[in-house]
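Residue numbers (the numbering used here): 15 to 403.
Idealized CB from N, CA, C, for every residue including glycine.
This one's a predicted model, so the numbers in the text were calculated from it and none came from an experiment.
Here's the structure, in structure tokens; my notes come after.
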């Protein structure tokens with residue numbers, strides 16, 4: 015019998031989504047020889063990251079295929095790609111024939127749903143292997159129902175999607191978080207001193223992020239600090255584009271340049287987009303998390319530690335499930351409150367937040383002895399087998 019052909023799509027400007035679905039693809043190709051697993055990759059950076067991860071899966075048989083768009087769309091992307099996601103959609107449109115030949119396509123992001131619902135490949139089975147595990151409403155919107163099969167990290171996603179009505183008649187499976195299969199438990203040493211290290215990880219969303227209103231003051235605080243190191247590793251998309259548009263929040267912001275002095279400060283590490291900013295190097299290595307709405311908070315509490323959150327948009331967060339993670343540390347409304355909040359963060363963590371973090375982590379991620387990627391691969395196989403019965 016001819017092997018069934020399943021594609022895993024990696025189609026983004028940055029590399030941060032790769033680790034969320036690559037382990038599943040590699041486990042599937044290793045454990046199920048009846049599947050021909052092809053990784054469809056739209057950039058050299060993503061290809062390099064896939065090869066790095068693949069080295070951790072001996073026996074995997076994935077084929078890696080570079081995909082692209084046409085020359086005219088590349089030129090348009092070169093002109094305005096720093097403002098709008100031109101290339102991502104162009105790559106989808108240019109490869110419809112390739113997608114049509116697949117038995118199924120797995121993707122970690124929801125833009126790819128337009129393959130089926132805008133470009134009319136209605137017979138293509140699409141699997142959503144989401145990236146990230148945050149609380150923003152966008153994670154639980156109706157776009158989830160555009161896919162044939164959903165891989166969910168834990169009970170939080172099942173419960174919120176079900177409450178929103180997006181699981182009705184929808185096939186899904188709770189499989190854990192394949193990215194955690196790649197994590198080493200030993201924390202990397204980030205600085206050659208004994209100061210506690212703070213990870214500042216603002217989101218890119220122009221309304222919700224603390225960066226636009228407080229970012230410069232936060233970096234200045236640490237630049238002058240004699241008590242803390244700082245890793246500034248924002249969401250990888252913050253510096254990928256010059257213009258950030260939030261259709262959901264109806265806001266637009268122009269991202270400002272980062273002053274050179276911060277790069278030259280010995281107790282500050284600035285990383286605006288390397289693979290290390292997405293592979294948990296900093297969430298494992300830092301002592302304190304400082305952020306706003308980035309889902310990386312849930313990767314940080316893989317080991318519970320102190321957290322501080324900046325409410326830069328006057329959110330009524332105590333009455334919203336979209337800010338559940340703000341119950342895992344102190345919330346401040348202004349950068350002027352940062353110093354005192356950091357000074358008391360360790361004590362408050364032990365008194366109040368450590369237990370909350372353990373509970374939130376267990377609700378967000380259903381981790382078991384079996385690796386998450388193995389569970390996700392098995393879930394995909396069982397779903398596709400049920401479709402062919």
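Assigned exposure category for residue i - 16 Cβ within 10 Å defines buried
| i | result |
| --- | --- |
| residue 350 | exposed |
| residue 310 | buried |
| residue 21 | buried |
| residue 131 | exposed |
| residue 223 | buried |
| residue 334 | exposed |
| residue 60 | buried |
| residue 247 | buried |
| residue 31 | buried |
| residue 89 | exposed |
| residue 175 | buried |
| residue 402 | exposed |
| residue 243 | buried |
| residue 240 | exposed |
| residue 43 | buried |
| residue 126 | buried |
| residue 25 | buried |
| residue 109 | buried |
| residue 344 | buried |
| residue 52 | buried |
| residue 355 | buried |
| residue 238 | exposed |
| residue 47 | exposed |
| residue 274 | exposed |
| residue 158 | buried |
| residue 41 | buried |
| residue 317 | exposed |
| residue 207 | exposed |
Bounding residues of the beta strand (DSSP E) (the contiguous stretch that carries residue i)
| i | result |
| --- | --- |
| residue 284 | 282-284 |
| residue 139 | 139-143 |
| residue 77 | 77-80 |
| residue 399 | Taken as a continuous stretch (DSSP letters only), residue 399 belongs to no beta strand (DSSP E), being part of the alpha helix (DSSP H) at 386-402. |
| residue 378 | Here residue 378 belongs to no beta strand (DSSP E); instead the alpha helix (DSSP H) covers 368-378. |
| residue 200 | Element bounds for residue 200: n/a, residue is neither H nor E. |
| residue 149 | First-last for residue 149: undefined, no H or E at that position. |
| residue 232 | Element bounds for residue 232: not the beta strand (DSSP E) but the alpha helix (DSSP H), 225-238. |
| residue 24 | 18-24 |
| residue 121 | 118-121 |
| residue 313 | No beta strand (DSSP E) contains residue 313, which is instead part of the alpha helix (DSSP H) from 310-314. |
| residue 211 | 211-215 |
| residue 186 | 185-188 |
| residue 346 | 344-346 |
Residue span of the alpha helix (DSSP H) that contains residue i, given as start and end
| i | result |
| --- | --- |
| residue 40 | 32-45 |
| residue 58 | 58-68 |
| residue 105 | 100-108 |
| residue 353 | 352-362 |
| residue 177 | 169-177 |
Top-ranked residue by Cα proximity to residue i, from the options
| i | options | result |
| --- | --- | --- |
| residue 164 | 217, 225, 184 and 228 | 184 |
| residue 65 | 308, 36 and 91 | 36 |
| residue 363 | 398, 325, 376 and 315 | 315 |
| residue 111 | 121, 137 and 91 | 137 |
| residue 359 | 332, 302, 161 and 149 | 302 |
| residue 153 | 140, 129 and 180 | 180 |
| residue 371 | 332, 393 and 312 | 312 |
| residue 385 | 24, 213 and 45 | 45 |
| residue 374 | 41, 121, 28 and 342 | 342 |
| residue 38 | 283, 392 and 401 | 392 |
| residue 271 | 27, 34 and 225 | 225 |
| residue 400 | 139, 120 and 233 | 139 |
| residue 182 | 48, 394, 156 and 250 | 156 |
| residue 148 | 395, 210 and 378 | 378 |
| residue 321 | 330, 337 and 367 | 367 |
| residue 33 | 129, 178, 192 and 121 | 192 |
| residue 23 | 86, 116, 91 and 71 | 116 |
| residue 382 | 339, 233, 340 and 168 | 168 |
| residue 91 | 255, 122 and 291 | 255 |
| residue 135 | 106, 151, 150 and 123 | 106 |
| residue 200 | 294, 177 and 279 | 294 |
| residue 198 | 331, 50, 70 and 49 | 70 |
Expected contact under 8 Å - CB spacing of residue i and residue j to nearest Å
| i | j | result |
| --- | --- | --- |
| residue 221 | residue 145 | So it is not a contact: roughly 21 Å between Cβ atoms. |
| residue 219 | residue 307 | 7 Å |
| residue 417 | residue 252 | What is shown of the chain runs 15 to 403, which leaves residue 417 out entirely. |
| residue 12 | residue 186 | Since the first and last residues shown for the chain are 15 and 403, residue 12 lies out of range. |
| residue 205 | residue 281 | 7 Å |
| residue 141 | residue 162 | 7 Å |
| residue 277 | residue 269 | Not quite, the Cβ-Cβ distance comes to about 16 Å (not below 8 Å), so this is no contact. |
| residue 389 | residue 189 | 4 Å |
| residue 119 | residue 213 | With 8 Å as the limit, residue 119 and residue 213 do not qualify as a contact, their Cβ atoms being about 34 Å apart. |
Near the ligand NAP: residue i beta-carbon under 7 Å from a heavy atom
| i | result |
| --- | --- |
| residue 207 | In the structure on display, the ligand NAP does not appear, and there are no ligands present to speak of. |
* To do: State whether the stretch 43-57 contacts the stretch 68-86, with contact taken as three or more CB pairs (one from each stretch) at a distance under 8 Å.
  => The stretch 43-57, when compared against the stretch 68-86, does touch it at the 8 Å Cβ threshold.
* **Contact between the stretch 274-293 and the stretch 336-350 (3+ Cβ pairs under 8 Å)** => Contact fails: fewer than three Cβ-Cβ distances are below 8 Å.
* Is it true that the stretch 65-81 meets the stretch 298-315, where meeting means three or more beta-carbon pairs spaced less than 8 Å apart? -> They do not touch, by the three-pair rule.
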